[in-house]
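Peer 1:
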DNA sequence: TTAGGGTTAG
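In the UniProt record's numbering, the protein residues as written are 1 to 803.
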């Protein structure tokens, strides 16, 4: 019989099994795997224990009690039960010790079942029994059991016991039922320090930092002196709400009382300063701690990651190991991984993964989720999938992380499938799930499917959540329905800074920069404080709409008026602006002088600028830098190859193709999508699969004749004959975007715009043709490519011919 | 013999 089975055998039969093991019933939790284990029904339903003679036991009752204590304290629950069966079982004291033993050893289910056996045998539970039982109910996350025990308290007249009420407050809050905790607290005739601490901790547990701070202040008003637990609780509350000033005041109080040198309080202070964005305060405090433990080092590593200082995060790890001779634990790994994710440090992330395996930290759901995020961010979807597939337990965060990994890597169909899978599970999607999946809907789903998800969201508990509405606004903008975005935005009762950032960005990607800047002014007038993302939206608007002077003005005001330091995204927008005006040298100098390490996104901006200004040398520099950061950036290879082709450098085209083949990379097949009457249609170049293909081609031929593009004309004319032949093969005449526009013109209402979406950038020839078609047909044509939406009207494009 | 505790995923 295995130790766990033996333990249950004792629990229900009180008869010794033949091969009694002296081992512990179960090892303490090393990780968050499936624990405690489930037991077979036949063990649970074993017979009621027979009555035994207690004469001998009574003679040795004192030594038996000592033995019971010893076994419980050492976690040997099997032995404790063996002793218990020899004791006086009408004495609640003995039952309490066993229940406490189970609870302290994480065997919550067993604790509850043992209490039920106590009830069954008619032994009256007392004021000591219930705190242990309530704690066990909390441990097993059993709200129904807590309520049952709570009801019992009324019957036995213990509903006012301060210890029991404190336990109830803590457990209700832990299970997310803060109103129940508040009710118990309010009805307590006597409240002590622990009661207040339980409520402060309870508010923190449900993420309500403000109420926790108010509770703390009320506690001081009624004359109760805070202890270390109060300080830790209220500092957590300040961290949640970003209340730096209150946090500093608490720090002053800490300095005045005995808890000043308490390392736990100091860790909470450090964490609070990090979460309030004050690395400097956190560092100063950290340096003063003479005896640093792993937890305080972990808090520091986490703080650096939180404040976008990944290098410092890794330096911390080094010093912790070399100077303090401390061994990193699973939490160290969890705190380090976001730093790897931030800078795309795949090798370092893999080392951490290896370390975690070697040191037995896995399975660990938080650590594994952090690994999924890392691999997702580093485009290693297969690794992420493998970890996700092997998770012993999946929680909502792990599902959300895997969905985000798919979306981040453009694997939108897989993301949708996974989301559907999640919906069929008992887990309820939360605002993070919805905001993660909506970009996939905006990329690949049909309008019908998007309306379906919108309907699904409106039935969710969080349907009016600002976070979800912001994502919905962006989803409609990203799939070309800017009007719907504006309608949802207008109907929002509460708009936060992200709502404004979203709508500014929505107009930005559609090339309506003026509208974006007007919205920014409106936002400021309404007293909304812009943040870093506001300026990303605003600078994107200026960049896409070619508003160069305004761009520089906002870039300057960001720091001067709002005290916001430019981040990598802002620098990217400025390089786009410089590229637009043809200042390639300035753009390169800008990159060289940037205080941040250039990322692939930065080099990507330079590459776009080089392409649009036909500077192959600089494009090569940019591309090499991108490929040194992202070896499998297919788009980068393709763009460079197209530039060589346009310049007639066919040897270089061959060289790029060879490199791509060597790396197993394939060019993304360019597709154009059109939706009419909620039916999606997909076109590839020279596509003839559509049932109305003949009509589409006939209409296209007529249009091309009318706009003077019926003969092969290319933007670059200096080709050798052989090159011209190669070019002819790639003629834009029947490119997918033209086929989609042609079908759009004949299948939609006359006054409606034709909306086409592409998975890759629209080529220059089709861009020119679309301008002419809009002029000739007097129809608005909208083409959303992989970067921006082009609104073609009266022969002009909203992008100002730069994209 | 009872209650509350620092760092951990988007």
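Even for Gly, the Cβ is constructed at its ideal location relative to N, Cα and C.
So, under 8 Å CB-CB, residue 131 and residue 167 are touching, yes? Tell me the CB distance rounded to an integer number of Å.
Peer 2: 4 Å
Peer 1: Using a Cβ-Cβ cut-off of 6 Å (strictly less than) and excluding sequence neighbours within five positions of residue 800, which residues of its own chain qualify?
Peer 2: 546
Peer 1: Starting from residue 665 and walking both ways along the alpha helix (DSSP H), at which residues does that stretch end?
Peer 2: Looking at the DSSP string, residue 665 is not in any alpha helix (DSSP H), and its letter there is neither H nor E.
Peer 1: Express the C-alpha separation of residue 335 and residue 240 in angstroms, rounding to a whole number.
Peer 2: 18 Å
Peer 1: Taking only the alpha-carbon atoms, compute the straight-line gap between residue 205 and residue 292 and give it to the nearest angstrom.
Peer 2: 26 Å
Peer 1: Please determine, among 637, 760, 339 and 331, the residue with the shortest C-alpha to C-alpha distance to residue 360.
Peer 2: 331
Peer 1: Report yes if the CB atom of residue 409 is closer than 8 Å to the CB atom of residue 444, and no otherwise.
Peer 2: Not a contact, by the Cβ cut-off of 8 Å.
Peer 1: Are the stretch 183-198 and the stretch 225-245 touching, with three or more C-beta to C-beta distances below 8 Å?
Peer 2: yes
Peer 1: Which class does residue 803 belong to by DSSP, given the choice of helix, strand or coil?
Peer 2: coil
Peer 1: For residue 324, is the classification buried or exposed, using 16 other Cβ atoms within 10 angstroms of its Cβ as the cut-off for buried?
Peer 2: exposed
Peer 1: Secondary structure at residue 573, three-state DSSP: helix, strand or coil?
Peer 2: Residue 573 carries a helical assignment under DSSP once its states are collapsed to helix, strand and coil.
Peer 1: Pull up the distance between the alpha-carbon of residue 811 and that of residue 558, whole angstroms please.
Peer 2: This structure leaves residue 811 out entirely; the chain is present only between 1 and 803.
Peer 1: According to DSSP, is residue 784 helix, strand or coil?
Peer 2: strand
Peer 1: Could you compute how far the alpha carbon of residue 690 sits from the alpha carbon of residue 696?
Peer 2: 9 Å
Peer 1: Just verifying my parser: in three-state terms, what is the DSSP assignment at residue 131?
Peer 2: helix
Peer 1: With DSSP collapsed to three states, give me the class of residue 83.
Peer 2: Here residue 83 sits in helix by DSSP.
Peer 1: List the endpoints of the continuous beta strand (DSSP E) containing residue 793.
Peer 2: Taken as a continuous stretch (DSSP letters only), the beta strand (DSSP E) holding residue 793 covers 789-793.
Peer 1: Cα-Cα, which of 201, 254 and 246 is closest to residue 225?
Peer 2: 254
Peer 1: Suppose contacts are defined by Cβ-Cβ distances below 8 Å. Is residue 575 in contact with residue 605 by that definition?
Peer 2: yes
Peer 1: Quick check: the Cα distance between residue 203 and residue 751, rounded to an integer number of angstroms?
Peer 2: 56 Å
Peer 1: Going along the chain, which residues of its own chain have a beta-carbon closer than 8 Å to the beta-carbon of residue 433, five neighbours each way excluded?
Peer 2: 396, 399, 400, 403, 419 and 422
Peer 1: Cα separation between residue 554 and residue 567?
Peer 2: 14 Å
Peer 1: Please give the ranges of any alpha helix (DSSP H) in the stretch 642-678, keeping only runs that are unbroken, at least 4 residues long and fully inside the region.
Peer 2: Counting whole runs of 4 or more residues, the stretch 642-678 contains the alpha helix (DSSP H) stretches 650-662.
Peer 1: Which word fits residue 797, buried or exposed, when buried means at least 16 other C-beta atoms lie within 10 angstroms of its C-beta?
Peer 2: buried
Peer 1: For residue 23, count neighbouring C-beta atoms within 10 Å of its own C-beta (all shown protein chains included) and say buried if the count is 16 or more, exposed if not.
Peer 2: Model confidence at residue 23 stands at a pLDDT of 31, short of 50, so the residue's coordinates are unreliable; what they give is reported in the following sentence. Counting Cβ neighbours within 10 Å, residue 23 comes out exposed, since fewer than 16 surround it.
Peer 1: Grab me the residues of residue 664's own chain with a C-beta within less than 6 Å of its C-beta, minus the 5 sequence neighbours each way, in chain order.
Peer 2: none
Peer 1: Find the nearest neighbour of residue 273 within the set 306, 262 and 108, judged by alpha-carbon distance.
Peer 2: 306
Peer 1: Looking at the unbroken beta strand (DSSP E) that takes in residue 411, where does it start and where does it end?
Peer 2: Segment: none, residue 411 is in no beta strand (DSSP E) and carries neither H nor E.
Peer 1: Taking the beta carbon of residue 766 as the centre, do at least 16 other beta carbons fall within 10 Å, making it buried, or is it exposed?
Peer 2: buried
Peer 1: How many angstroms separate the CA atom of residue 178 from the CA atom of residue 247?
Peer 2: It is roughly 23 Å from the alpha-carbon of residue 178 to the alpha-carbon of residue 247.
Peer 1: How many Å lie between residue 552 and residue 484 at the Cα?
Peer 2: 31 Å
Peer 1: Mind checking whether residue 616 and residue 602 have CB atoms under 8 Å apart?
Peer 2: In this structure, residue 616 keeps its C-beta atom at 8 Å or more from the C-beta atom of residue 602.
Peer 1: With a threshold of 7 Å on Cβ separation, who are the neighbours of residue 532 within its own chain once the five nearest residues in sequence on each side are excluded?
Peer 2: 564 and 567
Peer 1: Flag this pair as touching only if the stretch 765-779 and the stretch 506-517 have three or more C-beta atom pairs under 8 Å; answer yes or no.
Peer 2: no
Peer 1: Distance check for residue 792 and residue 780, CA to CA, integer angstroms please.
Peer 2: So the alpha carbons of these two residues sit roughly 6 Å apart.
Peer 1: My output table needs one value for residue 168: the three-state DSSP class, helix, strand or coil.
Peer 2: helix
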